Amino acid sequence: MSGQEAGNERILIAGPASAPLSGSLRVPGDKSISHRAVMLASLADGVTEIEGFLPGEDNLATCAMFEAMGVAIRWKDESRTRLAVEGRGLFGLEEPERPLDAGNSGTCARLMTGVLSGQSFFSVLIGDASLHRRPMRRVVEPMRRMGAHVDGRAGGDKLPLAIRGGKLKAIRHAPEVASAQVKSCVLLAGLYAEGTTEVIEPRPTRDHTERMLPRFGQPVEVGENGAIRLSPAGRLAAPDDTLRIPADPSSACFFAVAASIVPDSRIRLEQVGINPRRDGWRRILATMGAQLDVMPLEEGGLEPVADIEVRSGRLANLSVDPADVP
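Basically my numbering = 1-based index in the sequence shown + 49.
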């Protein structure tokens, strides 16, 4: 790959690999988990230490929102992958003086709708031009059912959203379309609701929120019928140990594919998240004939993690169903 300058833009030109790929790599931290780690840390009592954070624009938008509501975030290195979050507790956030900007992040906007619906103050949620075109009704409707006052363009389907929450009641929510963002929005609002909040998924989605909540002292019950139940404990507590965010499997996948198709390649992807609801890419590559060795690392972390060694192979084509990559 080479680069050329064209005015103020840099153009990257990619060509065939001239040699086998080799070496080791740890791709940046998982974006979905980074969002949730900052959110729960901000709502917890105490200081939460986080490592492996992904300092992309989407995750930094989440950080900026909580800073605007009084949360102190201390960066512990120049790369912004290590941070300490001084939580304000479930009921300690301050009313923001300006609209909260999610940028281009649908995850930030939809999950924060749940958090803001639990607050007794007024807030306005905005984003960039692209995010203002994306639907929000699937999170707005359950928040209204729980008792939050949420208004927005197109009857609440589009940003900006004006939210005044507080005094929520638990609901049983069975969305027609499976969505980890909708599920997480309802569960986060459930932290503030009276009673047991229940979400019934039509099919399993990524479960980072359910996995992380118990680390902050909030039990979550997962039933065999796809039901997730949360009875609010009344507070979140910062974990005693550091939250270590694994490398993002969605980013690791690109390098795994490259090593699979370039002859005689052999690479090692380090500390990759292997959550069963995020590893469809690995199963598909293996089915196609790629050579993957998964070496699980220590148990008891935030999520299951492994080093993955990828060797090139003769790949066969196949059809991929959406259910294979939830």
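Backbone N, C-alpha and C fix where the C-beta goes; we use that ideal spot for every residue, glycine too. For clarity, every value in this text was computed on a predicted model and none was experimentally measured.
Where Ile323 falls, given that 16 or more other Cβ within 10 Å makes a residue buried: buried
Rounded separation between Gly27 and Asp94 - CA only: The structure shown does not extend to residue 27, since the chain is modelled only from 50 through 375, so no value can be given for it.
Reduced DSSP secondary structure (H/G/I, E/B, other) of Thr246: strand
Inter-residue Cα distance where the pair is Gly155 and Leu210: 13 Å
One or two residues paired with Met161 in a DSSP bridge: Bridge pairing for Met161: absent [DSSP].
Residues bridged to Thr97 [DSSP beta-bridge criterion]: Per DSSP, Val134.
Contact the region 141–156 vs the region 166–181: 3+ CB pairs below 8 Å: Enough Cβ pairs lie closer than 8 Å, so yes.
Segment limits, beta strand (DSSP E) that includes Met185: From DSSP, Met185 is part of no beta strand (DSSP E); its letter is neither H nor E.
Met344 in three-state terms, based on DSSP: strand
Cβ pair count under 8 Å reaching 3, the region 66–85 against the region 268–275: Segments in contact, no.
8 Å contact criterion, which Val374 and Ile357 should meet: CB distance rounded: Not a contact, Cβ separation roughly 17 Å.
Beta-carbon gap between Gly316 and Gly72 smaller than 8 Å: Note on residue identity: the sequence assigns Ile, not Gly, to residue 316. Yes; because the gap between Cβ atoms is below 8 Å, this pair is in contact.
For Arg123, the residue or residues it bridges with in DSSP: Ala133
Any beta strand (DSSP E) of 3 or more consecutive residues that is wholly inside the region 305–332: 315–322
Complete runs of the alpha helix (DSSP H) confined to the region 214–267 [at least 4 residues]: Listed in chain order, the complete alpha helix (DSSP H) runs (minimum 4 residues) inside the region 214–267 are 229–239 and 257–261.
Assigned exposure category for Glu106 - 16 Cβ within 10 Å defines buried: It is exposed - the Cβ of Glu106 has fewer than 16 other Cβ atoms within 10 Å.
Selection from Ala66, Glu135 and Ile60 that minimises the alpha carbon distance to Ala308: Among Ala66, Glu135 and Ile60, the Cα nearest to that of Ala308 belongs to Ala66.
Residue range of the unbroken beta strand (DSSP E) whose run includes Glu106: Run containing Glu106: none in the beta strand (DSSP E); it sits in the alpha helix (DSSP H), Glu106 to Ala117.
Asp297, buried or exposed, once every other Cβ within 10 Å from all chains shown has been counted against 16: Buried.
Presumed contact (8 Å Cβ cut-off) between Ile212 and Ser166, rounded CB distance: Ser166 and Ile212 do touch by the CB rule: their CB atoms are close to 6 Å apart, below 8 Å.
Unbroken alpha helix (DSSP H) run spanning Ile82, endpoints: Lys80 to Leu92
Reference Arg75; option with closest CA among Gly204, Ala301 and Pro353: Ala301
Euclidean distance between Cα positions of Leu160 and Ala242: 16 Å
Integer-rounded CB distance, given that Leu292 should sit under 8 Å from Ala86: 5 Å
Assigned exposure category for Thr336 - 16 Cβ within 10 Å defines buried: exposed
Contact under 8 Å by Cβ, Gly163 with Met185: No, the Cβ-Cβ distance between Gly163 and Met185 is not below 8 Å.
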